[in-house]
Amino acid sequence: MSRRRARWLLALVLPALVGCAVLGRARSNWWELERGPSGQAPDPALTQEPVVQVYAARAVSWRGVFAVHTWIAVKPGGADAYRRYEVIGWGVDRGAPAVRVNRAGPDNYWFGDRPLKLVDLRGEGVDEVITKVEAAIAAYPYPASYRTWPGPNSNTFTAWIGRHVPELRLKLPPTAIGKDYLAGGA
Numbered sequence: 063m064s065r066r067r068a069r070w071l072l073a074l075v076l077p078a079l080v081g082c083a084v085l086g087r088a089r090s091n092w093w094e095l096e097r098g099p100s101g102q103a104p105d106p107a108l109t110q111e112p113v114v115q116v117y118a119a120r121a122v123s124w125r126g127v128f129a130v131h132t133w134i135a136v137k138p139g140g141a142d143a144y145r146r147y148e149v150i151g152w153g154v155d156r157g158a159p160a161v162r163v164n165r166a167g168p169d170n171y172w173f174g175d176r177p178l179k180l181v182d183l184r185g186e187g188v189d190e191v192i193t194k195v196e197a198a199i200a201a202y203p204y205p206a207s208y209r210t211w212p213g214p215n216s217n218t219f220t221a222w223i224g225r226h227v228p229e230l231r232l233k234l235p236p237t238a239i240g241k242d243y244l245a246g247g248a
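Residue numbers for the sequence shown follow the working numbering, beginning at 63 and rising by one.
The following block contains the structure:
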């Protein structure tokens, strides 16, 4: 096949594929989509050990074709509940904080998308990791700011924690748009 013909074929097929992907993501109203637990986080009533988990789920609506939303959940040893930390843009322009705590369960579906577990630390030494995670959260430089692109956004927040807590060994996916947004524009 000639290069010219291949380009024409790509020019015809690619928009159709992108259009199908966008329509597939826009299948329902956001308020009707699954938001319940996905069953990936251990039940805190049955698990005494400390737990740190990082999740990623496709963003809401057509944005999910291109990007994920990430968050971190921690449960100190002996605790009876998790703390879920994430950055959300809704309401920030009206004075709401960008960093939100416990808006949902640790492993809940994100508007119909089952989250992918990126990190799962448990047991000895994890309480110390939780202390470092919460110190990184307290030092996050954009607690009241949100911008979808290039950031700061949920992925900027999660990447910040990962950079400051190397014990997480966090590797965000390429679709974590905003993960490379650095404080000070470095």
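We put the beta carbon where it would ideally sit given N, CA and C, even for glycine.
- Rounded to whole angstroms, the Cβ separation of Asn170 and Ser216 is 14 Å, and the two are not in contact under 8 Å.
- Contact between Val181 and Gln110 does not hold, since the beta-carbon distance rounds to 20 Å and is not under 8 Å.
- In its chain, beyond the 5 residues on either side, Val181 and Gly224 have a beta carbon closer than 6 Å to the beta carbon of Leu230.
- Taken atom to atom, the span from the alpha-carbon of Ala197 to that of Ala121 is near 27 Å.
- Taking C-beta separations shorter than 6 Å and ignoring five residues to either side along the sequence, Leu108 has no partners in its chain.
- DSSP places Arg65 in the helix class (H, G or I) of the three-state scheme.
- When C-alpha distances from Ala118 are compared across Arg69, Asp175, Trp124 and Arg162, the shortest belongs to Asp175.
- Between the C-alpha atoms of Tyr243 and Arg66 there is a straight-line separation of about 38 Å.
- Counting every other CB atom within 10 Å of its CB across the protein chains shown gives Ala206 a total below 16, marking it as exposed.
- Within the region 97–184, no alpha helix (DSSP H) run of at least 4 residues lies entirely inside it.
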